[in-house]
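Structure first, commentary second.
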Amino acid sequence: MGWPSLLALKCFWEGKLLITPVMPTYARVDVAFERGEGVYLFDTNGKRYLDFGSGIAVNALGHCHPHLVQALQAQAATLWHTSNMYNVPGQQKLAERLVANTFADSVFFANSGAEAVECGLKMIRKYHADDGHPERYRVIACNNAFHGRTMATIAAGGQEKHLAGFAPATDGFDHVAFGNLNEMRAAITPETAAILVEPIQGEGGVRPASKEYLKGLRDIADEFGLLLFYDEVQCGMGRTGKLFAYQWGDAAPDIMAVAKGLGGGFPVGACLATENVAKALTAGSHGSTFGGNPLAMAAANAVMDVMEDPDFMEGVDAIADLLWRRLRALTKDHPKVIDEVRGAGLMIGLKCVVENTVLRAKLHEQGLLTVGAADNILRLLPPLIIDEANVGEALAMIDAACVAIEKEQS
29 MGWPSLLALK
39 CFWEGKLLIT
49 PVMPTYARVD
59 VAFERGEGVY
69 LFDTNGKRYL
79 DFGSGIAVNA
89 LGHCHPHLVQ
99 ALQAQAATLW
109 HTSNMYNVPG
119 QQKLAERLVA
129 NTFADSVFFA
139 NSGAEAVECG
149 LKMIRKYHAD
159 DGHPERYRVI
169 ACNNAFHGRT
179 MATIAAGGQE
189 KHLAGFAPAT
199 DGFDHVAFGN
209 LNEMRAAITP
219 ETAAILVEPI
229 QGEGGVRPAS
239 KEYLKGLRDI
249 ADEFGLLLFY
259 DEVQCGMGRT
269 GKLFAYQWGD
279 AAPDIMAVAK
289 GLGGGFPVGA
299 CLATENVAKA
309 LTAGSHGSTF
319 GGNPLAMAAA
329 NAVMDVMEDP
339 DFMEGVDAIA
349 DLLWRRLRAL
359 TKDHPKVIDE
369 VRGAGLMIGL
379 KCVVENTVLR
389 AKLHEQGLLT
399 VGAADNILRL
409 LPPLIIDEAN
419 VGEALAMIDA
429 ACVAIEKEQS
């Protein structure tokens, strides 16, 4: 008798509900992958998939990138963990690189995007408390935002589907329409401390903020003495053709959360801040057991080795332009399946006419992996290393999936 049968018998005997050993918190697609190579994944049956999901924008350099593999193998054979009680040279190196390439003066390393956002939220409160205004603790965020799965970050996101069952929501967050400066200004009170926004909403439907909107937020923050906090967990690390999405305009934040592509597949997050804000977090005010460990730093520094090359970002911009042009042409050919293409760079949303789950399933059958989002969007988040042949392969599969759906409609 196999283990599942023993488990079922045990549950029956003890009068318990049958539950899987892994908590059922995910609506998983019934496929398991055993290896990856570049832009492809191979399942346990040997089928090859073109990965246009990248682990939800995580595998920015694809799977098993040789430089990342070499860096991790070398570090794994040397040192894994020491604790932040001691200096970690990789942290110093990565922090200096992030500071040199952004608005920031200092960096805190965590393990995930949610932790990076949490660090920023704590920094906001501590900054105003040190400034003699502890009453300023509220953060204005945007409707349909996504900032993580912790108690504070689901409250910051404000979406009912994430808050359901977890009442009362963590206090301290107000919400306004994304892209509406008038609502943002009207929501400010004497208790307001900061503005939190994704330059491109990911889970909320791949909605890019305009340069004018971000500049308006910067002006409002400066006028009212607020901190401007960008969540670039999904849209950062080259996803738009620049290292960070905010760099397409001239509205730098005071704080920024980064993760996903930063480790190229290894768990690592970072919270970046200007000096006047970062100095609020002193020894003992924040910390992490695993944050910034030598393995994570080796991976992230290897990612930076690749992304700091100007030719790399130029390549991302060029291939994104090709993908966009071909997607727009394809959309015109299949108006009953796809309505529009939205997003920026290689963070693309297909606004579906049919249910996005229908198109996603058809693409899965074709061998193309994608990711759903709100507003009936299907996300394309390919590795930043895709080439023209990969674009052609993906477009052929999207076209075939659309044709199949149209035949079923007729």
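Each residue of the sequence shown is one higher than the one before, starting from 29 at the first, in my numbering. Backbone N, C-alpha and C fix where the C-beta goes; we use that ideal spot for every residue, glycine too. This one's a predicted model, so the numbers in the text were calculated from it and none came from an experiment.
### Query
Expressed to the nearest angstrom, what Euclidean distance is found between the alpha-carbon atoms of P156 and T220?
The amino acid at residue 156 is misidentified as Pro; the sequence shows His. In a straight line, the C-alpha of H156 is about 10 Å away from that of T220.
### Query
Which full runs of the alpha helix (DSSP H) of 4+ residues lie inside the segment 173 to 257, going along the chain?
179 to 185, 188 to 191, 209 to 214 and 239 to 252
### Sequence-distant residues of its chain with Cβ nearer than 7 Å to A422 (five each side left out)
L78, F80 and L396
### Message
If the criterion is Cβ atoms closer than 9 Å, does the pair L290 and V331 meet it?
### Response
yes
### Query
Using a Cβ-Cβ cut-off of 7 Å (strictly less than) and excluding sequence neighbours within five positions of C92, which residues of its own chain qualify?
G64 and E65
### Query
Per DSSP, what kind of secondary structure is I433 in: helix, strand or coil?
helix
### Query
In this structure, does DSSP put V134 in helix, strand or coil?
First, the amino acid is wrong: residue 134 is Ser here, not Val. S134 falls in the strand class under three-state DSSP.
### Message
Please state whether the Cβ-Cβ distance between P227 and R370 is less than 9 Å.
### Response
no
### Query
First and last residue of the alpha helix (DSSP H) that includes I84?
S82 to A85
### Distance, I248 Cα to R213 Cα
7 Å
### Query
Identify the residues that DSSP records as bridge partners of D71: which are they?
F61
### Task
Would you be able to state if there are at least three C-beta pairs under 8 Å between the segment 256 to 270 and the segment 83 to 103?
yes
### Message
Quick check on DSSP: helix, strand or coil for L271?
### Response
coil
### Task
Could you have a look at F318 and say whether DSSP puts it in helix, strand or coil?
coil
### Task
Alpha carbon to alpha carbon, how far is A327 from G292? Give it in angstroms, no decimals.
7 Å
### Query
To the nearest whole angstrom, what separates the beta carbons of A298 and A138, a pair I think is in contact under 8 Å?
7 Å
### Query
alpha helix (DSSP H) containing A128: first to last residue?
P117 to A128
### Message
Pairs of beta-carbons, one from the segment 105 to 123 and one from the segment 267 to 278, closer than 8 Å: are there three or more?
### Response
no
#### Entry: For A474, the three-state DSSP class (helix, strand or coil)
Any property of residue 474 remains undetermined from this structure, which presents the chain solely from 29 to 438.
### Query
What is the DSSP secondary structure of Y155, reduced to helix, strand or coil?
helix
### Query
Which residue from A99, K154, D71 and A348 puts its Cα closest to that of A58?
Residue identity differs from the one stated: residue 58 is Asp in this sequence, not Ala. It is D71.
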